[in-house]
Structure formats: C-alpha cells, structure tokens
Amino acid sequence: MTTIDRPRASLASETTGHAASGVREVTTQEAVVTRPGARKVLAVARIVIGFTFLWAFLDKLFGLNFSTPPEASWLAGGTPAQGFINGIEGPFAGFFGLFANPLGDWLFMLGLLGIGVAMIAGAGLRIAAVGGTLLMLFMFLAALPSATTMVDGELVRGATNPLVDSHWHEALLLIIAAVTLAGDTWGLGRWWAKRDVVRKHRWLR
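In full-length UniProt numbering, the protein residues as written are 1 to 205.
Given below as structure tokens:
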C-alpha cells in the first residue's frame with residue numbers, strides 16, 4: 001500500500017499562516033473537564049444561574065408580582081435600580097448614589113439581561129462572568145455592614161453570615177461556568193468558539 005506524505009514545507013506554511021492571522025486553536029470543554037457527568041452538572045448549574053438573572057430582569061421589567069409588583073415594574077414607570085440604591089445606608093451609600101438615576105436603571109437591567117442570556121445560551125461566558133461578578137460585588141458592598149437586604153422596598157438587617165452571602169455564591173457559579181467552558185455542553189459554546197472573531201479574541205469565549 002502506498003502512502004503519500006504531505007510536504008513538511010506545506011505543513012509549516014499552513015501553521016505559520018494560521019499563527020500570523022492571530023487565529024488560535026479551539027479548546028473544548030472535554031480538555032478541561034474529562035468526566036461527562038461533571039460536564040452535565042456544570043451545564044445545569046450554568047442554566048440555573050442564567051435563569052436566576054434572566055428572571056430578575058423579567059420580574060422587574062413586567063412586574064410579575066414576585067419581588068416586583070405590577071405597579072412598580074419598569075414598564076409602568078418603576079425604577080429598578082434607584083429603588084434599591086435609595087435605601088442604601090452603608091459606608092458606600094455616597095458612591096452608589098451616583099447611579100441613582102435613569103442611567104443606573106438601564107445599566108442594571110441590561111446587565112441582568114445580558115448575563116442571563118449569555119449563561120443560558122452558553123456563549124460569551126467570560127464577559128458575563130466578569131460583568132456578573134462586578135454586579136455581585138457592588139450589591140454585596142451596598143448591603144454592608146452585616147449584609148442588609150431589601151424586602152418589599154424596606155431595608156432589613158440581620159444576616160446569618162456577615163462576610164459570605166448569596167452574592168458570593170452567584171459570582172462563583174458565573175466564574176466556574178466560564179473557566180470550565182460550561183457552555184460547550186447543552187449550549188452554543190462550541191459553535192461560538194469556532195467563530196473567527198472569537199478565535200482571535202479569546203476573551204469573547
């Protein structure tokens with residue numbers, strides 16, 4: 001049987017051209033998480049945290065009568081970010097007061113929507129993880145001291161843990177989803193990673 005070897009010069013030029021274009025090889029989740037069961041668990045966690053953010057957006061947009069009554073919805077003239085910011089009494093109240101305006105509402109709502117959609121779709125997880133972690137950090141700082149929270153528009157104090165709360169948990173889930181390429185399982189991550197723009201700019205992964 002005759003075998004035909006490809007010329008080394010051709011292979012070298014192909015590799016050089018690939019590198020010169022700035023396009024990197026695609027790393028898939030299988031190279032990061034080897035156990036299929038673990039990949040599925042990570043996919044479920046990704047979708048759950050994504051729905052958490054997306055639901056918060058929908059509830060505040062339409063007033064689905066869970067944490068937001070219909071009359072306080074964004075579409076009804078409510079202020080999703082300002083209502084929370086105006087109740088802050090901690091050491092960072094002055095800083096967050098800078099966002100107690102319509103721009104703050106837009107940034108907050110677009111953040112919830114973008115993070116939720118990215119996590120559920122499984123694409124753009126790195127941007128979603130960074131944005132979501134910053135959002136969780138801001139909300140954690142806003143709740144200091146001793147983790148306060150808003151309940152029915154009123155500031156309620158008294159947390160079971162003064163340092164670690166649900167904001168940390170949500171931020172960690174976002175980061176874990178991004179670093180483990182969780183969007184490759186039951187998501188668009190694998191397809192998204194093969195786009196030329198994503199291969200050139202890995203932070204879009």
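Just so you know, even glycine gets a beta-carbon here, dropped at the ideal spot from N, CA and C.
Since this is a predicted model, take the numbers as computed values, not measurements.
For Thr27, the number of other beta carbons within 10 angstroms of its own is below 16, and it is reported as exposed. Judged by DSSP secondary structure, Pro36 falls within the alpha helix (DSSP H) whose first and last residues are Pro36 to Phe62. Using a 10 angstroms sphere on the CB of His167, the tally of other CB atoms reaches 16 or more, which defines it as buried. Judged by pairs of C-beta atoms under 8 Å, the region 101–114 does not touch the region 188–201, as fewer than three such pairs exist. Counting the other Cβ atoms within 10 Å of the Cβ of Thr180 gives 16 or more, which makes it buried. Contact between Gln82 and Asp184 does not hold, since the beta-carbon distance rounds to 39 Å and is not under 8 Å. Boundaries of the alpha helix (DSSP H) around Ser166: Ser166 to Val179.
In the structure shown, Val130 falls within a helical segment according to DSSP collapsed to helix, strand and coil. For Lys194, there is no enclosing alpha helix (DSSP H), since its DSSP letter is neither H nor E.
DSSP, reduced to helix, strand and coil, places Phe66 outside both helices and strands of the structure shown, so it counts as coil. By the criterion of at least three beta-carbon pairs nearer than 8 Å, the region 169–179 is in contact with the region 120–133.
Contact between the region 62–74 and the region 92–104 is absent, with fewer than three C-beta pairs closer than 8 Å.
DSSP places Gln82 in the uninterrupted alpha helix (DSSP H) bounded by Gln82 to Ile85. The alpha-carbon of Met136 is positioned some 11 Å away from that of Ala143. Between the C-alpha atoms of Thr79 and Thr52 there is a straight-line separation of about 20 Å. The residue from Gly187, Ala178, Asp59 and Leu141 with its alpha-carbon nearest to that of Asp165 is Leu141. Classified as exposed, Lys200 has fewer than 16 neighbouring CB atoms from the shown chains inside 10 Å of its CB. DSSP places Ala93 in the uninterrupted alpha helix (DSSP H) bounded by Ala93 to Phe96. One thing to note: Gly122 has its Cβ no nearer than 8 Å to the Cβ of Leu204.
Looking only at Pro102, Val33 and Ala177, the smallest Cα-Cα distance to Val44 is reached by Ala177. By the neighbour-count criterion, in which 16 or more other beta carbons inside 10 Å mark a residue as buried, Gly116 falls on the buried side.
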